[in-house]
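The structure appears below as C-alpha cells.
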Amino acid sequence: MQHEELLEKIFAKPIGGCKAIRYIARGASALVFEAQYDGQRIALKVFDPDFLNDNDSQEQIERINRQLLLCDLSHPHLINIREGGQCKDTGFYFLSMDFLDAPSLDKVIAEIPADRISDIIRQVASAAFFLEGHKLVHRDIKPANISLSDDFQTATLLDLGVVRPVGLSELTDTPTERPFVGTKRYSPPEFLTRKEDDSLDSWRAITFYQLGAVLFDMITRRPLFAGITPKDRLTEHILLKTPSIDCTDDIPESLKQLTQFALIKDPEVRLAMVTWSSFGITESVRPSLTELRSRISTLRPAASNKLSPPSSALPGSAVSLHRHWCKQLVVHLKSQCVDNTLGLPPHMIDIYDEQSPGHVDIKLTLFASKEHGTPANCELFIRSELKDAAAGLVTIAIAAHGPSHMAATSVESAKWNTVYRGSQSDEAIEPIICGICEFFVHALASVSANGDMGVSTIHWATVTRV
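The C-terminal position of the sequence shown is numbered 466 in the UniProt record's numbering, with every residue numbered one higher than the one before it.
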C-alpha cells in the first residue's frame, strides 16, 4: 500500500476509538499520529499492514501484545501505553499512548545543561529498573528513544516495540536463528553477536551498556562512535575499540568514570563495576559480592566472545602490580591502626591468601577490647579482585565475623559487602580505609545483636548498607 493511500485510510475513520488529527512520523514498522480519544490528546501508533505481512505477521503481533502487558503498569519516566490490539472496524493493529509534546534526546543533545545530565540518566535508568522489576527488558535504549521536556527536567523512555520478558528466549529466537533486535551503535558486543545468556543479569549488563552509551552522548555532545561507517567498521569498533571520553571540565569525574565502566566490553567486568546504585537507583536489597560473583558465573557459558583475558591468563605485570597495591593498602591499614586513627581494637593483619592471579584476600584479626566495645576476638576479611588488567580496575569487598579463636576460617559462607569499585590508585586507599572503618562499626553491631560473642558459634555480620 502506498504511503499516501495508507494515510488516507488512517485519517478516514477512528482506530480503536482514536481519531488521528496530525501525522507525525513513520518508522520501520508503523506510523505515529497525534490523535484525540474521548476529548484527550494522545499519541496513536498504527502498524503498516504491509510490514506485518512481510515480516512474519504472527511474530509482529506477538510484539504488539507484549507491549500491551504494560497497560496496567505506570512509571513517571516510562511512556504510558493505554490500549491497543486490532481495531475491529478498520482491521489496523494499533497502540495508543500518552502524548508527549517534547523532542527526543538526540535532537537536543548539544543543549542539555551539564548539571542536568546526572538526573536525566537517573530517570531513564529508573524506567529500565522498573521494567526489570517486572522481568522485562527494553533492549533498545538510545537517545532517539528518550523524550526530554523543554526545560530538561523530565526524561521519558519511549518505544517499547522490542520489549520482551526475561527467560523466554523462544519468543524471539529459534534453535537455529537468533536475530539481532535493537540499534547496533548502542548495543554491547555480546548483544550484537547474540552471545548473551537469557538471564536477568545478562540483560542487566546489556541495559547498563546502553545507559552508558546514552550517557556518553550527553557528556561528549556527540553519538557514540560518531562518523564510523560503513556498517562493518562500526561492528569492528563496537567489538574492539574503546571510545575516547572527551568532554568539558564541567562534567563531574564520577560521570566520566560511570561512562567508562558502563561501556566496558566484557559483560562480566561491566557487571562487577556497575550496579543500579551507580545510576542513583536504590535497590531494596543490596547484593553482596558473593551474590554478584554467582550472578556473573551465569554469564560464563555465553562469554566466548570475551575480549579481556580470563584471570588465569592475566599478564604477570598486572598481577604483580595488583598485589603490590594490596600490600600498600595493608601498610596504610597497619599505620592507621597503630596510631589508633580508625578506632579499631588491637589487631593482627596480613595478606593471607591469593586464590588466583588478580585475587587477593586480607585478614584483619581484632582482639577483644573493652575500650573499643569488642567482647571477643573477631575478624575482618578484605577481598580485592582485579577486574580489568588493562585499565587497572578493582573491586574491594569486606566481610566480618565473630568470635574468632585464631583458627583457620572458611570464607565461603561470608556475607560480602562491596565498598569500592574503581582504579587501584594511591588516591583510592584513603576512601577504602574509611569504608572499612564504617563497615566495622556496622558489623560490630550486627555480630553483637546475633548472639554472645564469647561463645564458639561464628556469626557472620549482616551489613545492608555501608
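We put the CB at the ideal spot given by N, CA and C, even for glycine. All values reported here derive from a predicted model rather than from experimental measurement.
Identity of the residue in 96, 319, 44, 49 nearest residue 71 by Cα: In the sequence shown, the residue the question calls residue 71 occupies position 71. Looking at the Cα atoms, 96 is the closest of the given residues.
Inter-residue Cα distance where the pair is residue 22 and residue 254: Position 22 of the sequence shown, counting from 1, holds the residue named residue 22. Position 254 of the sequence shown, counting from 1, holds the residue named residue 254. In a straight line, the C-alpha of residue 22 is about 43 Å away from that of residue 254.
Cβ neighbour criterion (16 or more within 10 Å) applied to residue 66: Locating residue 66 in the sequence shown gives position 66, counting from the first residue. Label assigned to residue 66: buried.
Cα-Cα separation, residue 204 to residue 245: By 1-based counting over the sequence shown, the position of residue 204 is 204. By 1-based counting over the sequence shown, the position of residue 245 is 245. Near 23 Å, if we compare the C-alpha coordinates of residue 245 and residue 204.
Residues of its chain near residue 19, where Cβ-Cβ distance is below 7 Å and the 5 sequence neighbours each way are ignored: For the purposes of this step, residue 19 is identified with residue 19 of the sequence shown, where counting begins at 1. So the list reads 35, 36, once near-sequence residues are dropped.
Where residue 270 sits in the DSSP three-state scheme: As a working note, residue 270 is residue 270 in the sequence shown. In the structure shown, residue 270 sits in a helix (DSSP, three-state: H, G or I).
Rounded straight-line distance, which links the Cα of residue 322 to that of residue 58: The residue you call residue 58 lines up with position 58 of the sequence shown. The residue you call residue 322 lines up with position 322 of the sequence shown. Taking the straight line joining both Cα atoms gives about 54 Å.
C-alpha gap between residue 286 and residue 94, whole angstroms: Here residue 286 refers to the residue found at position 286 of the sequence shown. Here residue 94 refers to the residue found at position 94 of the sequence shown. With a pLDDT of 42 at residue 286, under the threshold of 50, the modelled position of this residue cannot be trusted; read the value that follows with caution. Spanning the two alpha carbons is a distance of roughly 40 Å.
Residue closest to residue 182, alpha-carbon to alpha-carbon, out of 415, 319, 210, 4: Position 182 of the sequence shown, counting from 1, holds the residue named residue 182. For residue 182, the nearest C-alpha among the options comes from 210.
Simplified DSSP assignment, three categories, for residue 153: Working through the sequence shown from its first residue, we reach residue 153 at position 153. The answer is coil: DSSP assigns residue 153 none of H, G, I, E or B.
Beta-carbon gap between residue 122 and residue 261 smaller than 8 Å: Looking up residue 122 in the sequence shown gives position 122. Looking up residue 261 in the sequence shown gives position 261. Taking C-beta atoms as the reference points, residue 122 and residue 261 fail to come closer than 8 Å.
Straight-line Cα distance separating residue 74 from residue 137: For the purposes of this step, residue 137 is identified with residue 137 of the sequence shown, where counting begins at 1. For the purposes of this step, residue 74 is identified with residue 74 of the sequence shown, where counting begins at 1. Computed Cα separation, rounded: 15 Å.
Length of the line joining the Cα atoms of residue 406 and residue 364: Along the sequence shown, one-based indexing puts residue 406 at 406. Along the sequence shown, one-based indexing puts residue 364 at 364. With a pLDDT of 42 at residue 406, under the threshold of 50, the modelled position of that residue is not reliable, and the figure given next carries that caveat. The straight-line gap from Cα to Cα measures roughly 11 Å.
Which listed residue (150, 164, 241) has its alpha carbon closest to that of residue 185: On the sequence shown, residue 185 is found 185 positions in, with the first residue counted as 1. When each option's Cα is compared against that of residue 185, the closest is 241.
Buried versus exposed call for residue 384 [16 or more other C-beta atoms within 10 Å across all chains shown]: For the purposes of this step, residue 384 is identified with residue 384 of the sequence shown, where counting begins at 1. Flag for residue 384 reads buried.
Residue 322 in three-state terms, based on DSSP: In the sequence shown, residue 322 corresponds to position 322, counting from 1. DSSP places residue 322 in helix when its eight states are reduced to three.
Option nearest residue 39 by Cα separation, candidates 17, 9, 330, 87: As a working mapping, residue 39 is identified with position 39 in the sequence shown. When only C-alpha atoms are compared, the closest one is 17.
Proximity to residue 29 [Cα-Cα], best of 395, 3, 222, 435: On the sequence shown, position 29 is the one that residue 29 refers to. Considering only alpha carbons, the answer is 3.
Presumed contact (8 Å Cβ cut-off) between residue 361 and residue 269, rounded CB distance: What you label residue 361 is simply residue 361 of the sequence shown in a count that begins at 1. What you label residue 269 is simply residue 269 of the sequence shown in a count that begins at 1. Not quite, the Cβ-Cβ distance comes to about 20 Å (not below 8 Å), so this is no contact.
Rounded straight-line distance, which links the Cα of residue 81 to that of residue 68: For the purposes of this step, residue 68 is identified with residue 68 of the sequence shown, where counting begins at 1. For the purposes of this step, residue 81 is identified with residue 81 of the sequence shown, where counting begins at 1. So the two alpha carbons sit approximately 7 Å from each other.
Runs of beta strand (DSSP E) wholly within the segment 91-133 (minimum 3 residues, chain order): Counting whole runs of 3 or more residues, the segment 91-133 contains the beta strand (DSSP E) stretches 93-98.
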